[in-house]
Amino acid sequence: MVVTDRATGVMRTSKTTLNAAAADCEEAGRGVAARLDGFQRRHTWVGFPLAVIYKFIDDQGGYLAALITYYGFLALFPLLMLLVSVLGYLLQGNPALQHALVGSALQQLPIIGPQLQQNVSAIHGSRTGVILGILGALYGGLNVSVAIQTTLNRVWAVPRYARPNPLVSRLRGLVLFALIGTVVLITTALSAVGTAATEFLMTTPLSAGGSGIGTGLRIAAIAVAAIVNVAAFLIGFRVLSAREVRLADLLPGAVGAGITIQVLQTVGTVFLSRELIGASQVYGVFGLVFGLLAWLYLQAAIVVFCAEINAVRARRLWPRNLLTPFLDDTVLTPADQASYRSYADTERYQPSEQLHATYDDQPPSHHKP
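By my numbering, the letter at position 36 of the sequence shown is numbered 409, and the numbering carries on one by one without gaps.
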């Protein structure tokens with residue numbers, strides 16, 4: 374209703390009219406949200422990804438990925454020092470092969486790889502480098518394994534009392550060391566094959582079939598590297614989680630993580646090396662550190678997200694209510710209730726500690742308590 378002030382002659386809209394308009398807008402918004410919610414519940418191809426995203430947010434997946442990134446950053450340089458130093462001892466008479474292997478390993482880090490290669494070139498064959506590399510790799514690597522175990526145990530809602538003690542968790546980290554070492558060796562060899570294929574492609578005339586052979590070798594190397602990544606993630610997801618989970622339930626996330634990481638490395642190497650090569654020269658050390666942290670965080674977030682895919686799929690934690698993260702007066706789905714029960718169960722410190730989660734009847738009220 375419009376009211377005219379007799380003293381000033383100014384027309385004003387009454388508070389009642391404004392409240393009614395706001396209520397109408399809220400009602401219309403809820404109607405649209407209800408239709409969208411019904412759609413995602415009926416269609417798994419929408420509801421399942423949404424449930425994975427909600428669980429990633431509920432588990433604070435971004436913070437977990439940041440924790441993995443931090444310790445991964447601490448472990449990376451000592452591992453590189455160790456790799457370069459060991460190769461310096463083993464390949465003293467073949468510096469060309471040593472340089473090729475180090476370069477192949479660093480090719481998995483777009484833009485920053487060449488800079489790292491320049492920075493670690495001074496410690497070839499250094500005894501100090503070996504000692505520092507071993508100590509730093511043990512500290513950073515074991516903490517990376519603990520961070521990953523913490524992440525997987527949270528994803529699978531493992532109670533705190535059921536998680537391995539600090540000693541056992543670090544012993545399990547040795548498995549991660551073996552996995553990382555195996556993957557690095559295989560992918561380094563495959564990267565060397567890809568480099569050789571590129572050189573063969575450049576030196577062999579097209580009439581001799583150089584183009585087809587070189588391209589085939591590169592595609593084969595990428596495919597084998599992706600398979601190795603999938604196998605490594607499958608083993609890692611199984612060993613580093615305290616919950617007994619079937620390999621079949623871990624396979625989708627392992628396939629997603631392995632292929633996505635490989636595509637990211639392949640595309641990132643090509644794109645970033647062409648588009649951002651000047652940026653590394655401009656920003657120097659800051660660009661090196663920032664680029665490395667961003668690269669590690671992106672891969673860590675992918676791994677955490679793929680682990681969430683496994684948990685949501687195996688425990689059937691979908692469909693979720695679309696409005697649950699935004700409103701308090703929503704009706705929880707069975708998947709919502711199961712998710713929230715698991716979050717409470719995760720914080721149990723003793724087997725004798727019993728938690729019972731109950732939910733009141735929730736009429737669709739528009740008023741918060």
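Where a beta carbon is used, it is the ideal one built from N, C-alpha and C, also for glycine.
Looking at the secondary structure, which residues open and close the alpha helix (DSSP H) in which residue i lies?
i, result
"residue 718", "707-719"
"residue 423", "417-431"
Could you give the distance in angstroms between the alpha-carbon of residue i and the alpha-carbon of residue j?
i, j, result
"residue 409", "residue 696", "10 Å"
"residue 406", "residue 638", "38 Å"
"residue 625", "residue 685", "11 Å"
"residue 621", "residue 501", "45 Å"
"residue 627", "residue 640", "20 Å"
"residue 598", "residue 510", "24 Å"
"residue 427", "residue 612", "25 Å"
"residue 404", "residue 559", "55 Å"
"residue 520", "residue 615", "13 Å"
"residue 531", "residue 675", "21 Å"
"residue 437", "residue 593", "34 Å"
"residue 699", "residue 669", "31 Å"
"residue 415", "residue 689", "15 Å"
"residue 517", "residue 445", "6 Å"
"residue 452", "residue 678", "26 Å"
"residue 420", "residue 504", "51 Å"
"residue 398", "residue 417", "30 Å"
"residue 667", "residue 680", "20 Å"
"residue 619", "residue 525", "14 Å"
"residue 546", "residue 522", "9 Å"
Among residues of its own chain, excluding the 5 on either side of residue i, which ones have a beta-carbon nearer than 7 Å to its beta-carbon?
i, result
"residue 534", "721, 722, 723 and 724"
"residue 552", "605, 608 and 609"
"residue 507", "455"
"residue 548", "612"
"residue 513", "444, 447, 448 and 451"
"residue 623", "607, 610, 611 and 683"
"residue 691", "420, 421, 424, 685 and 708"
Could you give the DSSP three-state label for residue i: helix, strand or coil?
i, result
"residue 622", "helix"
"residue 696", "coil"
"residue 617", "coil"
"residue 726", "coil"
"residue 451", "helix"
"residue 530", "coil"
"residue 516", "helix"
"residue 548", "helix"
"residue 704", "coil"
"residue 733", "coil"
"residue 365", "Because the chain in this structure spans residues 374 to 742, residue 365 falls outside the shown range and cannot be described."
"residue 683", "helix"
"residue 403", "helix"
"residue 537", "coil"
"residue 668", "helix"
"residue 689", "coil"
Enumerate in chain order the residues of its own chain whose CB-to-CB distance from residue i is below 6 Å, with the five nearest sequence positions on each side excluded.
i, result
"residue 602", "631, 634 and 635"
Output needed for residue i: all residues of its chain with C-beta closer than 8 Å, excluding positions within five of it in sequence on either side, in chain order.
i, result
"residue 710", "730 and 732"
"residue 556", "601, 602 and 605"
"residue 430", "698"
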